[in-house]
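Novice: In the numbering used here, the protein residues as written are 2 to 215.
Heads up, the beta-carbon is just placed ideally off N, CA and C, and yes, glycines get one too.
A quick note: this is a predicted structure, and the numbers were derived from the prediction, not measured.
What follows is a structure written as structure tokens; I'll ask about it next.
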Ligand code: SAH
């Protein structure tokens with residue numbers, strides 16, 4: 002297995018797209034090196050699994066660019082005891098990366114076909130610490146709140162209030178905020194022990210919109 006073309010492509014991805022651009026947290030880099038990204042990409046797109054770009058996963062959605070996954074994962078400073086909420090399961094790849102680093106990942110996907118497929122891939126890879134739910138991520142997941150980390154992988158125009166509410170004191174929320182199909186700001190929002198929020202704009206990004214259910 003270790004000398005498969007996918008493994009080589011993944012090594013190159015980590016070296017040229019992740020490490021070279023400054024992602025330095027060793028556990029995060031190791032997770033990116035470990036998770037077989039090609040298994041989260043549809044068959045027809047598999048040759049492009051390790052390119053430096055988002056890749057279509059069907060239903061008008063994409064798996065995020067590897068560097069963006071690494072950057073967001075590093076910025077939320079995952080700890081092994083953390084409980085994480087992800088909004089926008091998509092392919093399941095970001096959840097699989099987080100699953101290597103934290104105690105549990107709760108992930109919500111609006112599009113049932115995508116969510117079920119992600120769940121299956123995650124199960125095949127024995128990611129037992131990921132729970133997928135089909136639903137609307139705007140509301141968060143109150144049954145499992147509060148979360149140490151919330152990671153939103155589709156862009157709302159404003160940060161959904163329930164997500165701020167479901168963040169633990171000391172918690173980190175990362176979310177691309179801005180207009181649909183335009184440039185958004187990747188924001189890192191931290192809640193301190195007193196419950197006060199600080200927001201830092203990290204970089205300009207382009208994500209698919211966080212949609213309202215029909
Ligand atoms: N994290 C994903 C990338 C997801 S793309 C990965 O690693 O592959 C964003 C996803 O958010 C899409 O699958 C889209 O269907 C989903 N989405 C959009 N609006 C949503 C909402 N309100 N609630 C939950 N998921 C939503």
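Please determine whether the Cβ atom of residue 181 lies at a distance below 7 Å from any heavy atom of ligand 1.
Specialist: On the chain shown, position 180 is the one that residue 181 refers to. It does not: the Cβ of residue 181 is nowhere closer than 7 Å to a heavy atom of ligand 1.
Novice: Which value, in whole angstroms, describes the spacing of the CA atoms of residue 151 and residue 17?
Specialist: The residue labelled residue 151 in the question sits at position 150 within the chain shown. The residue labelled residue 17 in the question sits at position 16 within the chain shown. The straight-line gap from Cα to Cα measures roughly 27 Å.
Novice: Beta carbon of residue 90, beta carbon of residue 115: below 8 Å?
Specialist: Along the chain shown, read from residue 1 onward, the residue named residue 90 stands at position 89. Along the chain shown, read from residue 1 onward, the residue named residue 115 stands at position 114. Yes. Within cutoff.
Novice: What are the uninterrupted segments assigned as beta strand (DSSP E) that are 3 or more residues long and contained completely in the stretch 105–167, given in chain order?
Specialist: Listed in chain order, they are 105–110, 131–135, 148–153.
Novice: Shortest alpha-carbon distance to residue 184 belongs to which of 195, 168, 209, 197?
Specialist: Along the chain shown, one-based indexing puts residue 184 at 183. Ranking the options by Cα distance to residue 184, first place goes to 209.
Novice: Given this structure, state the Cα-to-Cα distance separating residue 50 from residue 127, to the nearest angstrom.
Specialist: Taking the first residue of the chain shown as position 1, residue 50 is located at position 49. Taking the first residue of the chain shown as position 1, residue 127 is located at position 126. Taking the straight line joining both Cα atoms gives about 20 Å.
Novice: Looking only at its own chain, which residues have a Cβ that is under 7 Å from the Cβ of residue 20, when we skip the five neighbours before and after it?
Specialist: Taking the first residue of the chain shown as 1, we reach residue 20 at position 19. If we look at residue 20 and ignore the five residues flanking it on each side, its Cβ neighbours are 30.
Novice: Any heavy atom of ligand 1 closer than 7 Å to the Cβ of residue 138?
Specialist: To locate residue 138, count along the chain shown from 1; it is residue 137. Indeed, a heavy atom of ligand 1 lies less than 7 Å from the Cβ.
Novice: Ligand 1 and residue 110: does any heavy atom of the ligand fall closer than 7 Å to the residue's C-beta?
Specialist: If you number the chain shown from 1, residue 110 lands on position 109. Answer for residue 110: yes, Cβ within range of ligand 1.
Novice: Locate the beta strand (DSSP E) running through residue 202, then write down its first and last residues.
Specialist: Translated into the one-based positions of the chain shown, residue 202 becomes position 201. Unbroken beta strand (DSSP E) run through residue 202: 198–206.
Novice: Going by DSSP, what residue range makes up the beta strand (DSSP E) through residue 46?
Specialist: Counted from its first residue, the chain shown places residue 46 at position 45. Residue 46 -> no beta strand (DSSP E), and no H or E assigned at all.
Novice: Determine the burial state of residue 27: buried for a count of at least 16 other Cβ atoms within 10 Å of its Cβ, exposed for fewer.
Specialist: Position 26 of the chain shown holds residue 27. Exposed is the call here.
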